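For the sequence shown, position 90 (counting from the first letter as 1) is numbered 262 according to the numbering used here, and the numbering increases by one without interruption.
The beta carbon of each residue, even a glycine, is placed where N, CA and C say it ideally should be.
Quantities reported herein were computed from a predicted structural model and do not represent experimental measurements.
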Amino acid sequence: MNLKLTKLFRYTVAFIALGAIFLLTACQGLFTPPREATRTAATAVAPTNTLPPEIIPAPTATPGGIIAPEAGTFQAPNQPTLTVWVNENSPAHEDVLREMAVEFGDAHSVTVEMRLIASNLLPDLVETAVISPEYDLPDILIFPLDYAVNWAERGVLDTAVTAQALDAIGRDTFDPNALAFLSGSGQPAALPSDGYPQITIYRTDWFADKGLNAPDNFTTMFNAAEALYDPENFIAGFVAPTESNLVSTHRIFEHIALANGCQLIDEIGRIQLLQPVCQDALNFYYDIIHNYSPIGVQTDTSTRDAYLSGRAGLVMAGPQLLLQLAGLDDAHPPVCPECAATPDFLAQNSAVLATLRGRGAQASPTSFASMTVLGMTSQADAETAVAFAQYWFDEGYERWLAVEPERKIPLHWGTAVAPRRYIDAWGSTPLQNGGPSLQDIYGADTVAALQEALASNGRWGFSQGQGALIGEVYRTLTFSIVLQEMLSGYFGTEKTLVEAYNRVVDLIPNYPYEEVGTP
């Protein structure tokens, strides 16, 4: 009897505690406005897979607590220092960057400090260095395209030195579309290094069983998500990240919006979000996620795991997933029911689409890409910075591209002597040392589609000369926040679009056009 009473007491206490937590959570939602609550959460909670900045040992002894140098490296008296911030932090990237730091440092009598920084932390670290006199900007930044024009127009990046480097390397050796994105104000904000298109991956075996068409437009994608959705067996029709503190949440919606002909802003600076094509794109986004995705907030990790476990028919993601589908990533192996017997089952039964078309007269097949660029900051020594850029795109380039090549399609296509040296070799680069390439696994047509999607991709704002605004939109996670609020039930789709409009307008000083007003 005493044992039974003890158990009953414990269960009662646990139930009361759970109820108290639920009540407190509910009350917090009542007293905290949705916008501020989500922004607070985005600020307080570390984004998925965030790692702290890491400093690679410099090739020569450096002051200030930097990790000890490689043994046997000579340091000249009063040797200058070149500081490089890189938006990667994996051990494989560290190894290659360490090699490059040593090689360039020895060749140019420079101490190179390489700092590995997660992409989601980089914008705030740059902002801190800009506004705080006790912090210094690096000399070189290797970072996402999203912030390039904004930082150039604010003087963080030195466009004159960048133009000098571009001429030294050869303007014709770079992807012209990428250069156009970076040259909105005339001179290039940075140099395009590499990138990858956002893709849709879908289960071809399931599509064949149900007689479904390829999900290359809103209609066929929605029909497929509906047909494959099977909540009783824990099968989602469609998965994509929706978390408010992930840039990928914004990128998914921007791709969908562009596919429907929805632009964020026009050439004269007028926000275009209230156009019918934008409302239609948002309605599609809401309907397919609300009806056919798992309940709750999704991340890059949860959507990846859903597809790898055979519990999703469609996923929008980056090409990193292609490596994992083939069973080549020990940290994230496929675990679908068929994968135990056939580790590459998902690779054999999945197809890749690099473009998406919306619906209506303004829709067209559209790709969306993430790009990495190299920028020289206003504090860099011009001669050393140009020398490093030349080194990066020559001696070091193929080593850089060989680390996780599935997401590093070259934007520097080749050299003056061999104009397509890097771009033609990309698809046959082993995904792992001595392993198969993307072309070996998925075929030449998939490789060509990925390359073409990167070369022709669309982005909000850049082609309209409004890249500076895009940097602020990405830095503040404006769309990621409002989209999660909508999916959480704070707003309907029409009110969400007005909210998004007003929040973008808030980022533009002295916006000269009529505003809708706060809902």
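Sub-9 angstroms separation of residue i and residue j beta-carbons
i	j	result
A535	G433	yes
Y569	A279	no
G367	S652	no
Y464	A408	yes
F560	R423	no
F406	R529	no
E426	W632	yes
L317	F353	yes
G607	Y594	no
L603	A526	no
I341	F394	no
Y374	A523	yes
V258	T549	no
L546	I314	yes
L649	N385	no
P310	V274	no
H462	L254	no
L269	L288	yes
Element boundaries [beta strand (DSSP E), containing residue i]
i	result
T283	T283 to L288
R592	Segment: none, R592 is in no beta strand (DSSP E) and carries neither H nor E.
S708	With the chain represented from 173 up to 691, any question about residue 708 goes unanswered, as that position is not in the structure.
R375	I371 to R375
F315	I312 to P316
Buried/exposed call for residue i, threshold 16 Cβ in 10 Å
i	result
V645	buried
D377	exposed
T300	exposed
D330	buried
D617	exposed
E285	buried
N292	buried
D347	buried
Q638	buried
H715	In this structure the chain extends from 173 to 691, so residue 715 is not present and cannot be described.
P684	exposed
A533	exposed
P263	exposed
P252	exposed
I428	buried
I303	exposed
V676	buried
R579	buried
Limits of the unbroken alpha helix (DSSP H) element including residue i
i	result
L518	F517 to Q520
A320	A320 to E325
T544	Premise fails: T544 lies in the beta strand (DSSP E), A541 to M548, not in any alpha helix (DSSP H).
R571	Y569 to L573
Y683	Looking at the DSSP string, Y683 is not in any alpha helix (DSSP H), and its letter there is neither H nor E.
R631	Note, R631: premise wrong, no alpha helix (DSSP H); not H, not E.
I496	Before going on, a small fix: residue 496 reads as Gln here, not Ile. Counting along the chain, the alpha helix (DSSP H) containing Q496 begins and ends at Q492 to L497.
A352	P348 to L354
Y563	A554 to W564
Which of helix, strand or coil DSSP assigns to residue i
i	result
N250	coil
N674	helix
A332	helix
D267	helix
F406	coil
S416	coil
N261	coil
P364	strand
V524	strand
N385	coil
P582	strand
R647	helix
T538	strand
F663	coil
R423	helix
T696	Lying before the first or after the last residue shown, residue 696 is absent from the chain, which here runs from 173 to 691.
V298	helix
T391	helix
V274	helix
T255	strand
Residue i beta carbon near the ligand FAD (any heavy atom closer than 8 angstroms)
i	result
L297	Among the components of this structure there are no ligands whatsoever, and the ligand FAD is therefore not found.
Any C-beta of chain C under 9 angstroms from that of residue i
i	result
P681	As a matter of chain content, chain C is missing from the structure shown, which is built from one protein chain.
Runs of alpha helix (DSSP H) wholly within the region 433-489 (minimum 4 residues, chain order): For secondary structure counted as the alpha helix (DSSP H) over 4 or more consecutive residues, the region 433-489 holds these complete runs in sequence order: 448-464 and 472-480.
Minimum length 4: unbroken alpha helix (DSSP H) runs contained in the region 594-624: Complete alpha helix (DSSP H) runs here, min 4: 610-614.
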